[in-house]
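Undergrad: Got a structure here, written out as structure tokens. Questions coming.
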Amino acid sequence: MRYVAAKTAKEAAGLLAAEPGVTRVLAGGTDVLVQLKSGMVEPDLIVDIKTIPGLGEITAEDGGFRIGAAVANAVLGEHAGVVALWPGVVEGANLIGSTQVQGRCTMAGNLCNGSPAGDAVPGLVAANAVARIAGPEGTRDCPVAEIPAGPGKTTLKKGEIITSIYLPARPERASDAYLRFIPRTEMDIAVASAAVSLELNADGTVKAARVALGAVAPTVVVADAAARILVGTTLDGDTLASFAKACEAVCNPIDDKRGTIAFRTRTAGTLAKRAALIAHARAGGSK
Amino acid sequence: MKSIPVSTTINGDPYEFLCAPDETLLDVLRNRLSLTGAKEGCGTGDCGACSVTLNGRLVCSCLVLGAEAQGAEISTIEGMADGDELHPLQRHFIDHAALQCGICTPGILVAAKSLLEKNPAPTDEEVRYWLAGNLCRCTGYDKIIAAVQAAAAEMRGA
Numbered sequence: 001m002r003y004v005a006a007k008t009a010k011e012a013a014g015l016l017a018a019e020p021g022v023t024r025v026l027a028g029g030t031d032v033l034v035q036l037k038s039g040m041v042e043p044d045l046i047v048d049i050k051t052i053p054g055l056g057e058i059t060a061e062d063g064g065f066r067i068g069a070a071v072a073n074a075v076l077g078e079h080a081g082v083v084a085l086w087p088g089v090v091e092g093a094n095l096i097g098s099t100q101v102q103g104r105c106t107m108a109g110n111l112c113n114g115s116p117a118g119d120a121v122p123g124l125v126a127a128n129a130v131a132r133i134a135g136p137e138g139t140r141d142c143p144v145a146e147i148p149a150g151p152g153k154t155t156l157k158k159g160e161i162i163t164s165i166y167l168p169a170r171p172e173r174a175s176d177a178y179l180r181f182i183p184r185t186e187m188d189i190a191v192a193s194a195a196v197s198l199e200l201n202a203d204g205t206v207k208a209a210r211v212a213l214g215a216v217a218p219t220v221v222v223a224d225a226a227a228r229i230l231v232g233t234t235l236d237g238d239t240l241a242s243f244a245k246a247c248e249a250v251c252n253p254i255d256d257k258r259g260t261i262a263f264r265t266r267t268a269g270t271l272a273k274r275a276a277l278i279a280h281a282r283a284g285g286s287k
Numbered sequence: 288m289k290s291i292p293v294s295t296t297i298n299g300d301p302y303e304f305l306c307a308p309d310e311t312l313l314d315v316l317r318n319r320l321s322l323t324g325a326k327e328g329c330g331t332g333d334c335g336a337c338s339v340t341l342n343g344r345l346v347c348s349c350l351v352l353g354a355e356a357q358g359a360e361i362s363t364i365e366g367m368a369d370g371d372e373l374h375p376l377q378r379h380f381i382d383h384a385a386l387q388c389g390i391c392t393p394g395i396l397v398a399a400k401s402l403l404e405k406n407p408a409p410t411d412e413e414v415r416y417w418l419a420g421n422l423c424r425c426t427g428y429d430k431i432i433a434a435v436q437a438a439a440a441e442m443r444g445a
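Those protein sequence lines, which keep their order, are chains A and B.
According to our numbering, the stretch in the first sequence is residues 1 to 287, in order.
According to our numbering, the stretch in the second sequence is residues 288 to 445, in order.
So, in structure tokens, the structure goes:
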């Protein structure tokens, strides 16, 4: 195995593209080192991207924020600007692992690890976040929603790395929330999860909604039909009941020791309902 | 595998070492530098027994490559006492019998010190959440929380 601390994104992309064997990109390492330790993967090349200038920074851009791919989630959680603009994204990212893991793990890493249960991913998808990707053929932008391709798989091509994730600007009266179910109080993997992002009209009714469900399908699920039910309402009981049903309708979870299909489906709907209420309150709605 | 030369700072002292590309910082500390205070419990970031700080952030040294220590500032349990003078956390852990077998203790002390630097007056709940990644199979945690709170009070001058 070779370890290279890359100095530029171009160098990292070039090294990864040229390596015929197994490669891993190292940012926080909280998944990669576990894979090494368990013998799940024996890479021929590890490229550390933390050493690329700028990748450890959060920068304000066009009213939103660009989060470098090597920004640890603990650092993200201490950034007052991002917390104020996208509290749901940050609360998802901050649920991952322990204090020690938070000091290293990154949102880009959580996305690239490809787990359907990644806690940072639904919030980013609901936020319409956009990943900036550097590759052998240059730089491109891609919605975060289009990166996951199945458990452990992404749509990134050989040699491509995510260098940053852009969280867009928001109008006044807009916010988001993320909830997950785990059988313990911390340090666990989501059995089901939901992220809801809302924009409100001046009268408190929902102007626009975007909903993403985690751990209930091979990839994060965008629940557009469910989100449309919220538009024009103030999240009254009937609306929320049909919203939860519509969320359940797009779930396609696995059945395992951590949750049955029926439990994961029902839980995702309930969490989406509760997350919608929290996002509504945070956005300045009456509830 | 070709060894990698690394220059780093540990507990304020400059260190230079050679390590394999896939060697963890924990293995470097214990096997190459004889800093055996950090323990290997799980080796996969679940138990916190290998906790150190890396550039001021609490991390599991089993989830850091030795090569990543290049140019970094690392603090370990060995740097906690001032010579023979124990850190207040160390004293209160003894006074409160907040350890039995002791395997988890270095990691918990490093983690608790990192908490008190950030939050000098945590609630019991905040201490429990902060230390959720430090597993102890002996004490049941209550004495650990009491010891951290007693040390925090002393350090605040209360």
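Glycine included, each C-beta is placed from N, C-alpha and C at the ideal position.
What's the call for A/V22, buried or exposed, on a 16-neighbour Cβ count within 10 Å?
TA: Along the first sequence, one-based indexing puts residue 22 of chain A at 22. Counting Cβ neighbours within 10 Å, A/V22 comes out exposed, since fewer than 16 surround it.
Undergrad: How would you write the range of the alpha helix (DSSP H) that B/L403 sits in, first residue to last?
TA: Position 116 of the second sequence holds residue 403 of chain B. Run containing B/L403: 392-405, per the alpha helix (DSSP H) assignment.
Undergrad: Would you identify the three-state DSSP class for B/R344, choosing helix, strand or coil?
TA: If you number the second sequence from 1, residue 344 of chain B lands on position 57. Note: B/R344 maps to strand in three-state DSSP.
Undergrad: Please classify A/P171: is it buried, with 16 or more other beta-carbons within 10 angstroms of its beta-carbon, or exposed?
TA: Within the first sequence, numbered from 1, the residue matching residue 171 of chain A stands at position 171. Per the 10 Å Cβ criterion, exposed.
Undergrad: Quick check on the burial criterion: 16 or more other C-beta atoms within 10 angstroms. Buried or exposed for A/E42?
TA: Within the first sequence, residue 42 of chain A is the residue found at index 42, counting from 1. The residue in question, A/E42, is exposed, as its Cβ has fewer than 16 Cβ neighbours within 10 Å.
Undergrad: Examine the Cβ distances between the stretch 232-248 of chain A and the stretch 299-310 of chain B and report whether three or more of them are shorter than 8 angstroms.
TA: Result no; under three Cβ-Cβ pairs closer than 8 angstroms.
Undergrad: Could you give the distance in angstroms between the alpha-carbon of A/G152 and the alpha-carbon of A/V216?
TA: On the first sequence, position 152 is the one that residue 152 of chain A refers to. On the first sequence, position 216 is the one that residue 216 of chain A refers to. A/G152 and A/V216: Cα-Cα distance of roughly 15 angstroms.
Undergrad: Any residues in the stretch 19-31 of chain A with a beta carbon nearer than 7 angstroms to a beta carbon of chain B? Which ones, in chain order?
TA: Listed by position along the chain: G29, T30.
Undergrad: Does B/G324 have its Cβ less than 8 angstroms from a Cβ in chain A?
TA: Mapped onto the second sequence, residue 324 of chain B falls at position 37. Judged by the 8 angstroms Cβ criterion, B/G324 is not in contact with chain A.
Undergrad: What did DSSP end up calling A/C105 once you bin it into helix, strand or coil?
TA: Translated into positions along the first sequence, residue 105 of chain A becomes position 105. The answer is coil: DSSP assigns A/C105 none of H, G, I, E or B.
Undergrad: Below 8 angstroms, can you find three or more Cβ-Cβ pairs linking the stretch 50-58 of chain A to the stretch 377-384 of chain B?
TA: In short, these stretches do not touch, since the Cβ pair count stays below three.
Undergrad: In the DSSP assignment, find the beta strand (DSSP E) that holds A/V206 and state where it starts and stops.
TA: Position 206 of the first sequence holds residue 206 of chain A. 206-214 is the span of the beta strand (DSSP E), which, as asked, contains A/V206.
Undergrad: Measure from the C-beta of A/I46 to each C-beta in chain B and report whether the shortest distance is under 8 angstroms.
TA: Here residue 46 of chain A refers to the residue found at position 46 when the first sequence is read from its first residue. It does: the Cβ of A/I46 has a partner Cβ on chain B nearer than 8 angstroms.
Undergrad: In whole angstroms, what is the alpha-carbon distance linking A/V25 and B/Q357?
TA: Here the question's residue 25 of chain A lines up with position 25 in the first sequence. Here the question's residue 357 of chain B lines up with position 70 in the second sequence. Each residue's alpha carbon lies about 18 angstroms from the other.
Undergrad: So what does A/F243 bridge to, in DSSP terms?
TA: To locate residue 243 of chain A, count along the first sequence from 1; it is residue 243. Note: A/F243 sits in no beta bridge, so no partner.
Undergrad: In angstroms with no decimal places, state the Cα-to-Cα distance between B/M288 and B/V315.
TA: Within the second sequence, residue 288 of chain B is the residue found at index 1, counting from 1. Within the second sequence, residue 315 of chain B is the residue found at index 28, counting from 1. Spanning the two alpha carbons is a distance of roughly 16 angstroms.
Undergrad: Which runs of the alpha helix (DSSP H) spanning at least 4 residues fall entirely within the stretch 55-113 of chain A, listed in chain order?
TA: Qualifying alpha helix (DSSP H) stretches, in chain order: 73-77, 80-85, 87-93, 99-102, 107-113.
Undergrad: So A/Y166 and A/A129 are supposed to be a Cβ contact under 8 angstroms. How far apart are they, rounded?
TA: The count along the first sequence starts at 1 and reaches residue 166 of chain A at position 166. The count along the first sequence starts at 1 and reaches residue 129 of chain A at position 129. That pair is a contact at about 6 angstroms.
Undergrad: Please report the distance separating the alpha-carbon of A/R274 from that of A/P253.
TA: On the first sequence, residue 274 of chain A is found 274 positions in, with the first residue counted as 1. On the first sequence, residue 253 of chain A is found 253 positions in, with the first residue counted as 1. Distance between the alpha carbons of A/R274 and A/P253 is about 20 angstroms.
Undergrad: Could you check what DSSP says for A/V144 in three-state terms: helix, strand or coil?
TA: Here residue 144 of chain A is taken as the residue at index 144 of the first sequence, counted from 1. Residue state, collapsed to three classes: helix.
Undergrad: For B/L396, which residues of its own chain have a beta-carbon under 8 angstroms away from its beta-carbon, when the five flanking residues on both sides are left out?
TA: For the purposes of this step, residue 396 of chain B is identified with residue 109 of the second sequence, where counting begins at 1. Around B/L396: I364, M367, H374, L376, Q377, F380.
Undergrad: With three or more beta-carbon pairs closer than 8 angstroms as the criterion, would you say the stretch 97-115 of chain A touches the stretch 64-72 of chain A?
TA: Yes: at least three Cβ pairs fall under 8 angstroms.
Undergrad: At a CB-CB cut-off below 7 angstroms, which residues of chain B make contact with A/M187?
TA: Taking the first residue of the first sequence as 1, we reach residue 187 of chain A at position 187. Per Cβ cutoff of 7 angstroms: A419, G420.
Undergrad: Does the beta-carbon of A/C247 have 16 or more other beta-carbons within 10 angstroms, so that it is buried, or is it exposed?
TA: Translated into the one-based positions of the first sequence, residue 247 of chain A becomes position 247. Buried, since its Cβ has 16 or more Cβ neighbours within 10 Å.
Undergrad: Leaving out five residues on either side along the sequence, give the residues of the same chain with a beta carbon under 6 angstroms from the beta carbon of A/G109.
TA: Within the first sequence, residue 109 of chain A is the residue found at index 109, counting from 1. A27, G28.
Undergrad: Kindly indicate if chain A contains any beta-carbon less than 8 angstroms away from that of B/E360.
TA: Taking the first residue of the second sequence as 1, we reach residue 360 of chain B at position 73. Taking Cβ atoms only, chain A never reaches closer than 8 angstroms to B/E360, which makes this a no.
Undergrad: Just mark B/N342 as buried or exposed, buried being the case when its beta carbon has 16 or more other beta carbons within 10 Å.
TA: Along the second sequence, one-based indexing puts residue 342 of chain B at 55. Exposed, since its Cβ has fewer than 16 Cβ neighbours within 10 Å.
Undergrad: Closest Cβ-Cβ distance between A/L76 and chain B: below 8 angstroms?
TA: Here residue 76 of chain A refers to the residue found at position 76 of the first sequence. With 8 angstroms as the cut-off, A/L76 does not count as an interface residue toward chain B.
Undergrad: Using the rule of at least 16 other Cβ atoms within 10 Å of the residue's Cβ for burial, across every protein chain shown, is A/R132 buried or exposed?
TA: Counting from 1 along the first sequence, the entry for residue 132 of chain A is found at position 132. Buried, because 16 or more other Cβ atoms sit within 10 Å of the Cβ of A/R132.
Undergrad: Just the chain B side, please: which residues come within less than 7 angstroms of A/S98 by C-beta, in chain order?
TA: On the first sequence, position 98 is the one that residue 98 of chain A refers to. Correct list: G335, A419, G420.
Undergrad: Can you tell me where the beta strand (DSSP E) holding B/V315 begins and where it ends?
TA: The sequence position of residue 315 of chain B within the second sequence is 28, counting from 1. Where B/V315 is concerned, there is no enclosing beta strand (DSSP E), given that its DSSP letter is neither H nor E.
Undergrad: Relative to the C-alpha of A/G204, which residue among A/L277, A/F181, A/D238 is closest?
TA: Here residue 204 of chain A is taken as the residue at index 204 of the first sequence, counted from 1. The option with the nearest alpha carbon to A/G204 is A/L277.
Undergrad: How is A/S175 classed by DSSP in three states: helix, strand or coil?
TA: Numbered from its first residue, the first sequence carries residue 175 of chain A at position 175. A/S175 falls in the strand class under three-state DSSP.
Undergrad: Out of A/A6, A/H280, A/G269, point me to the one whose CA is closest to A/A134's CA.
TA: Position 134 of the first sequence, counting from 1, holds the residue named residue 134 of chain A. For the residues A/A6, A/H280, A/G269, the minimum Cα distance to A/A134 belongs to A/A6.
Undergrad: Output, in chain order, the set of chain A residues within a Cβ distance shorter than 8 angstroms of B/T410.
TA: Locating residue 410 of chain B in the second sequence gives position 123, counting from the first residue. Under the 8 angstroms cutoff, chain A gives no residues; its nearest Cβ is about 15 angstroms from B/T410.
Undergrad: Can you tell me which of the three DSSP states A/K257 falls into?
TA: In the first sequence, the residue the question calls residue 257 of chain A occupies position 257. A/K257 falls in the coil class under three-state DSSP.
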